[in-house]
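All the letters of the sequence shown, read from the start, carry residue numbers 1 to 241 under full-length UniProt numbering. Built from N, CA and C at the ideal position, the CB exists for glycine as well. Note that the structure is a prediction, hence the values are computed from the model and not measured. Heads up, the thing below is written out as structure tokens.
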Amino acid sequence: MEENKTYSCVEPYISDLLTFHDGRFLAQPNAVIDERDCRYQMTVHTLMRTLSHHYIDRDRRQGPFVMQFSDLHASNILVDSCWNVTAVIDLEWVCARPAEMIDVPYWITGLGIDEVGDKEHVQGYIKAREEFMAIFEEEEKRMAQKLPNGSISTVIRRAWESKSSWFIHCLDSVNGMYTLFHQHLRPIFVSFRLTENMEILLSRLWHEKAGELVEKKLQEKELYVAELQKMFKVDAEAKEE
1 MEENKTYSCV EPYISDLLTF HDGRFLAQPN AVIDERDCRY QMTVHTLMRT LSHHYIDRDR
61 RQGPFVMQFS DLHASNILVD SCWNVTAVID LEWVCARPAE MIDVPYWITG LGIDEVGDKE
121 HVQGYIKARE EFMAIFEEEE KRMAQKLPNG SISTVIRRAW ESKSSWFIHC LDSVNGMYTL
181 FHQHLRPIFV SFRLTENMEI LLSRLWHEKA GELVEKKLQE KELYVAELQK MFKVDAEAKE
241 E
């Protein structure tokens, strides 16, 4: 994405976010574990584009766009001894994005985004969400903050009910997309885990030379591991001296 790029519609923004993930996968030398993992990741890239239209609100495709902190987490929030927020830092991550990209911060549970959806944690996450939303709605009413066609809390709840919040988390997470897709998006459309043959077929639809790309990513991983082992060996020998 160019620094001076401004989007007036949601679809091209979502498309460019997916393109970013495509580029990340291609550039990262240790992106895959083995051939099956490589095929699976390519399959997810294919299906994320295929399913994206399900998670774009047509009524909001041209806004209004809402200012939001796209990298808000506990380390960016300063509080006093009574836990009152006194400051928020790293404001360079503030931007205007589609309202449905605002969600309850998953990190209030103390878990990673790829952990909150696990069976052992999901009920705790849902409880934390509801507690957060109750407070959020109170503050929203107190401040009389509303969008032209609804409140932000309404948008958040609608996104949660439609599962689009998980789609957005896939876009916003550097390494959680593949787990989140398997946990939350794929089961909506297919009740069973995709077979290896299905992944081989779908991965071919992501890249016209899929077979060559798989070999390239496996070679990159092998070289990456070898260089890493060499680096640590040199470091260990230096410490011994």
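Asked                                                                                                        : Found
Same chain, Cβ closer than 8 Å to M177, five either side skipped, listed in chain order                      : H21, V44, M48, C170, L171
Opposing strand residues paired with F65 [DSSP bridges]                                                      : P98
Beta-carbon spacing of R97, Q68 below 8 Å                                                                    : yes
Start-to-end residues for the alpha helix (DSSP H) that takes in T195                                        : Where T195 is concerned, there is no enclosing alpha helix (DSSP H), given that its DSSP letter is neither H nor E.
Among V174, T6, I33, K217, nearest to I113 - alpha-carbon criterion                                          : V174
Residue of I89, S70, D71 minimising C-alpha distance to L78                                                  : I89
Sequence-distant residues of the same chain with beta carbon closer than 7 Å to R204, five excluded per side : A210
Where the beta strand (DSSP E) through L78 begins and ends                                                   : 77-79
Three-state secondary structure assigned by DSSP to T6                                                       : coil
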